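Beneath this line is the structure, given in structure tokens, with notes to follow.
Numbering (my numbering), first residue to last: 6 to 835.
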């Protein structure tokens with residue numbers, strides 16, 4: 006009998022080409038076993054067995070008939086129909102020939118391991134597959150059952166896995182992806198359970214920096230679920246690939262674990278109780294599994310020889326697959342080293358591999374899908390044009406950046422959500438375009454999209470209701486329109502201008518091009534948040550970075566709340582990561598200045614950092630709550646602020662990048678600014694001729710007393726977004742107020758506040774810049790600022806060239822006006 010007609014196969018019998026028969030999970034396990042990688046032994050119940058079950062019992066015809074009539078967009082109908090299908094599968098006896106084959110293999114597995122079949126503990130996992138669509142992904146959609154004992158129980162749980170192919174979520178997903186139900190089948194993995202002492206994940210490159218010279222291993226006590234699910238801060242080991250030596254080691258406090266309790270016959274969730282000095286069950290039971298006697302929250306969960314062995318296996322897996330991999334591993338407490346080290350899953354690493362592949366491509370990205378003509382395209386919805394450009398792809402409606410739907414979000418999908426905050430940045434980076442229900446031109450979604458160069462439309466009102474997940478759309482970020490389908494004229498790559506070919510032919514470098522842009526007396530600075538983006542923009546004609554936001558570094562590179570890292574004894578993570586990100590930008594544009602704004606998260610945004618809930622209050626209005634300088638001088642957060650100052654000092658003094666300056670955000674009073682500067686001086690940073698200190702001018706108190714504030718700083722940067730909000734009392738994120746015209750930086754009251762800041766600051770010798778949204782959007786504001794003698798204007802990358810040209814033309818216009826006045830006066834003397 007050939008493979009295609011077998012109900013069950015040993016894992017070692019399957020290969021990657023067997024994905025249609027056993028699914029990706031089983032095929033990967035078979036590949037690893039045959040490559041000499043230690044994988045827990047087991048077998049695969051094939052997709053053919055599932056197909057045979059549906060045909061032999063007649064259930065297939067009934068199920069597919071029900072699904073053909075189903076409207077998956079009707080949530081109630083979807084839930085009821087899929088529940089009925091699952092019930093039908095569970096109530097239908099398995100054909101004897103299939104049931105006996107599964108039991109036979111389970112008993113044979115026990116014999117291979119020298120175990121009593123009634124005591125063999127296995128995991129029963131779904132491994133879905135689609136006929137003729139082997140590349141289709143069903144990650145996380147179907148069920149997994151752990152700690153299954155006995156042949157009868159294995160058969161029962163195989164059926165449970167089969168039934169999970171018809172959950173509401175999985176059914177909806179197939180319709181959204183255009184995958185026919187009749188071509189989707191379920192294979193099942195039955196594998197010996199590893200009695201995990203420690204478990205976790207590892208990557209064949211650094212998941213944060215993309216460094217391909219290291220293996221990064223994360224591990225904790227018990228089952229790997231606590232690491233994969235983000236329930237614990239794991240130990241981290243960075244291993245050099247060439248020498249297999251441990252280059253970095255971070256041992257964290259691991260106060261949560263999941264472990265098997267043989268007395269109860271199930272997994273238990275344990276938390277460390279500091280007062281009792283022992284592990285206690287979350288379930289409230291008085292239990293003490295074996296691992297609770299061994300695991301110490303403050304001790305490393307891996308020996309160094311286990312770390313090196315895992316690194317060896319990571320390299321073996323990378324060589325076998327020929328690509329970077331994301332690997333799950335476990336250490337079995339029943340076995341001795343090295344037999345205790347197991348690989349339980351391996352899948353391609355996607356984030357950096359995709360990014361590097363994109364960077365290597367020279368051709369414009371083609372958008373796949375059925376195209377429509379612009380004249381025939383249906384407009385789904387309109388909103389505010391927040392970030393220019395065209396993005397087309399499959400829309401994904403997501404409400405939670407940590408949901409399962411978010412985990413399935415692919416590079417190039419269109420992100421549709423209510424509103425974004427810093428937690429959304431990793432998803433936003435993967436999106437081809439972004440659409441939000443709420444927010445204005447100065448909302449988080451708008452600002453970040455512009456900075457990342459991603460098309461965006463915000464403030465649509467109800468895009469999350471109008472646009473359905475799985476539908477192809479085209480987003481015109483420059484006009485604020487979302488079309489149904491892939492609009493051919495918009496996505497078609499435009500032919501390169503012939504003049505560009507001439508420039509390329511004569512070999513003009515970026516350095517030679519810069520002088521071709523007009524010289525201006527008003528400096529043109531650029532806003533930046535994502536350090537990696539500097540490589541894309543460094544050759545633009547700007548005079549420095551007028552606003553470098555470090556919130557991006559916190560959310561993407563540090564990830565943890567500063568006070569949490571201080572509490573666990575790892576403050577250097579904040580200092581080193583911040584320094585690394587800032588230095589990347591400062592080095593790329595040296596000696597042009599980089600004005601780094603100290604962190605300006607609101608309390609709700611700080612809570613979103615790992616470990617943040619413990620340290621942040623819940624405020625009704627975080628926008629005008631505990632933020633900016635008020636945080637730095639508060640005893641509770643002052644230690645966190647000192648870490649930011651140390652990072653700046655490290656960049657300037659240790660790395661020699663003296664072009665880094667600093668800026669204090671959301672300054673309200675002179676006394677708080679004075680106190681914050683004193684803290685900075687205590688950390689060894691003092692104002693000097695080559696170290697400038699600025700303050701954000703975004704609270705009206707600075708406009709009223711700019712001459713007083715100027716005694717403490719070298720310059721100001723006007724934050725026109727918050728200044729407009731606070732002068733006019735208009736919430737910058739309110740769609741209603743924006744539509745009614747309230748939120749407008751051109752309002753006379755806002756312009757008067759700006760005039761006061763510039764004139765009062767200049768009277769004391771302080772410089773003035775502006776880093777808000779206004780100059781990027783309104784040319785008349787640029788002219789207003791230049792005429793007032795503003796020292797610099799900082800804009801988003803997409804506006805640098807146009808702003809420089811605009812400023813140059815305004816300055817020439819002013820000079821001509823003055824020249825004409827001189828001429829008129831001279832005429833009076835004639």
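We treat Cβ as the ideally placed atom computed from N, Cα and C, and that holds for glycine.
Since the model is a prediction, treat every value here as computed from it, not as a measurement.
Inset, instruction - List the DSSP bridge partners of residue 276. - result: Indexing the chain shown from 1 puts residue 276 at position 271. Bridge partners of residue 276: 261 and 285.
Inset, instruction - Please list, in chain order, all residues of the same chain as residue 264 whose beta carbon is under 6 Å from its beta carbon, the five residues on each side excluded. - result: Residue mapping note: residue 264 aligns to position 259 of the chain shown, counting from 1. So the qualifying residues of the chain are 227, 294 and 296.
Inset, instruction - Return the bridge partner residues of residue 470 from the DSSP annotation. - result: Here residue 470 refers to the residue found at position 465 when the chain shown is read from its first residue. Paired residue(s): none; residue 470 is not in a bridge.
Legend entry - Three-state class that DSSP yields for residue 745 in the structure shown: For the purposes of this step, residue 745 is taken as the residue at position 740 of the chain shown. Residue 745: helix per DSSP, three-state reduction.
Inset, instruction - Tell me whether residue 167 sits in a helix, a strand or coil according to DSSP, three-state version. - result: Position 162 of the chain shown, counted from the first residue, corresponds to residue 167. Helix.
Inset, instruction - For residue 253, write down the residues that DSSP places opposite it in a beta bridge. - result: Reading the chain shown from its first residue, position 248 is the one you call residue 253. Answer by DSSP bridge pairing, in chain order: 243.
Legend entry - Cβ-based burial, residue 546 [other Cβ within 10 Å; buried from 16]: The count along the chain shown starts at 1 and reaches residue 546 at position 541. Counting Cβ neighbours within 10 Å, residue 546 comes out buried, since at least 16 surround it.
Legend entry - Through-space distance from residue 617 to residue 623, alpha-carbon basis: Looking up residue 623 in the chain shown gives position 618. Looking up residue 617 in the chain shown gives position 612. Straight-line Cα distance between these residues: approximately 11 Å.
Legend entry - Closest by C-alpha distance to residue 535, when choosing among 572, 653, 174 and 585: Residue numbering aside, residue 535 sits at position 530 when the chain shown is read from its first letter. Selected option, being the one with the closest Cα: 585.
Legend entry - Straight-line gap, residue 792 to residue 391 (C-alpha atoms, nearest Å): Walking along the chain shown from the start, residue 792 turns up at place 787. Walking along the chain shown from the start, residue 391 turns up at place 386. Approximately 27 Å between the Cα atoms of the pair.
Inset, instruction - Let me know if residue 24 comes out buried or exposed under the rule of 16 or more other beta-carbons within 10 Å of its beta-carbon. - result: As a position in the chain shown, residue 24 is number 19, starting the count at 1. So residue 24 counts as buried.
Legend entry - Span of the beta strand (DSSP E) around residue 298: Position 293 of the chain shown holds residue 298. Per DSSP, residue 298 belongs to no beta strand (DSSP E) and is neither H nor E.
Inset, instruction - Entirely within the segment 612–677 and at least 3 residues each: give me those beta strand (DSSP E) ranges in chain order. - result: 665–669
Inset, instruction - Would you list, in sequence order, the uninterrupted beta strand (DSSP E) runs of no fewer than 3 residues that lie entirely inside the segment 393–426? - result: 395–402 and 419–422
Inset, instruction - Buried or exposed for residue 824, please, with buried defined as at least 16 other CB atoms from any protein chain shown within 10 angstroms of its CB. - result: Residue 824 sits at position 819 when you count from the first residue of the chain shown. Classification of residue 824: exposed, given that the 10 Å Cβ count is below 16.
Inset, instruction - May I have the straight-line CA-CA distance separating residue 606 from residue 74, to the nearest angstrom? - result: On the chain shown, residue 606 is found 601 positions in, with the first residue counted as 1. On the chain shown, residue 74 is found 69 positions in, with the first residue counted as 1. Going by the C-alpha atoms only, they are around 49 Å apart.
Inset, instruction - Kindly confirm or deny that the segment 94–114 and the segment 70–85 touch, where touching means at least three C-beta pairs closer than 8 Å. - result: no
Legend entry - Local conformation of residue 390 per DSSP, three classes: Position 385 of the chain shown, counting from 1, holds the residue named residue 390. It is a strand residue.
Legend entry - Within the segment 746–814, ranges of the beta strand (DSSP E) (whole runs, at least 3 residues): 772–775 and 797–800
Legend entry - Contacting residues, own chain, Cβ-Cβ under 7 Å from residue 466 (five flanking each side not counted): Position 461 of the chain shown, counted from the first residue, corresponds to residue 466. Excluding residues within five positions, the ones whose Cβ falls inside 7 Å are 442 and 740.
Legend entry - Paired residues, beta bridge with residue 723 - DSSP: For this step, residue 723 is matched to residue 718 along the chain shown. Answer is 702 and 775.
Legend entry - Minimum Cβ-Cβ distance from residue 743 to chain B less than 8 Å: The structure shown contains no chain B; it holds only a single protein chain.
Legend entry - Extent of the continuous beta strand (DSSP E) run through residue 326: As a working note, residue 326 is residue 321 in the chain shown. Per DSSP, residue 326 belongs to no beta strand (DSSP E); it is in the alpha helix (DSSP H), 309–326.
Inset, instruction - Answer yes if the segment 376–389 comes into contact with the segment 461–475, meaning at least three C-beta pairs across the two stretches below 8 Å, and no otherwise. - result: yes
Inset, instruction - Pull up the distance between the alpha-carbon of residue 57 and that of residue 9, whole angstroms please. - result: Residue 57 sits at position 52 when you count from the first residue of the chain shown. Residue 9 sits at position 4 when you count from the first residue of the chain shown. So the two alpha carbons sit approximately 12 Å from each other.
Inset, instruction - Pick out whichever of 767, 13 and 538 has its Cα sitting closest to the Cα of residue 722. - result: The sequence position of residue 722 within the chain shown is 717, counting from 1. If we check each option's Cα against that of residue 722, 767 comes out closest.
Legend entry - Status (buried if at least 16 other CB within 10 Å, exposed otherwise) for residue 125: Numbered from its first residue, the chain shown carries residue 125 at position 120. Buried is the call here.
Inset, instruction - Identify the continuous beta strand (DSSP E) that holds residue 570 and give its terminal residues. - result: Within the chain shown, residue 570 is the residue found at index 565, counting from 1. Not the beta strand (DSSP E): residue 570 falls in the alpha helix (DSSP H), residues 567–572.
Inset, instruction - Could you pull out every residue in the same chain whose Cβ sits closer than 7 Å to the Cβ of residue 117, ignoring the five residues on either side in sequence? - result: In the chain shown, residue 117 corresponds to position 112, counting from 1. The residues are 46.
Legend entry - Pairwise C-alpha distance: residue 569 and residue 280: Residue numbering aside, residue 280 sits at position 275 when the chain shown is read from its first letter. Residue numbering aside, residue 569 sits at position 564 when the chain shown is read from its first letter. Their backbone Cα atoms lie some 20 Å apart in a straight line.
Legend entry - Residue ranges of each beta strand (DSSP E) within the segment 24–67, 3 or longer: 47–50
Inset, instruction - Flag this pair as yes or no: are the beta carbons of residue 225 and residue 276 separated by less than 8 Å? - result: Taking the chain shown and counting its residues from 1, the one referred to as residue 225 is at position 220. Taking the chain shown and counting its residues from 1, the one referred to as residue 276 is at position 271. In this structure, residue 276 does not lie closer than 8 Å to residue 225 by Cβ.
Inset, instruction - Rank 712, 647, 201 and 530 by C-alpha distance to the C-alpha of residue 688 and give the top, closest one. - result: Start at 1 with the first residue of the chain shown, and residue 688 comes out as number 683. The shortest Cα separation from residue 688 among 712, 647, 201 and 530 belongs to 647.
Legend entry - N- and C-terminal bounds of the beta strand (DSSP E) containing residue 350: For this step, residue 350 is matched to residue 345 along the chain shown. Unbroken beta strand (DSSP E) run through residue 350: 346–353.
Legend entry - Cβ contact check for the segment 704–723 and the segment 664–676: 3 or more pairs under 8 Å: yes
Legend entry - Proximal residues to residue 558 (C-beta, below 7 Å), its chain only, five neighbours per side dropped: Within the chain shown, the letter at position 553 stands for residue 558. 536, 582, 583 and 586, listed in sequence order.
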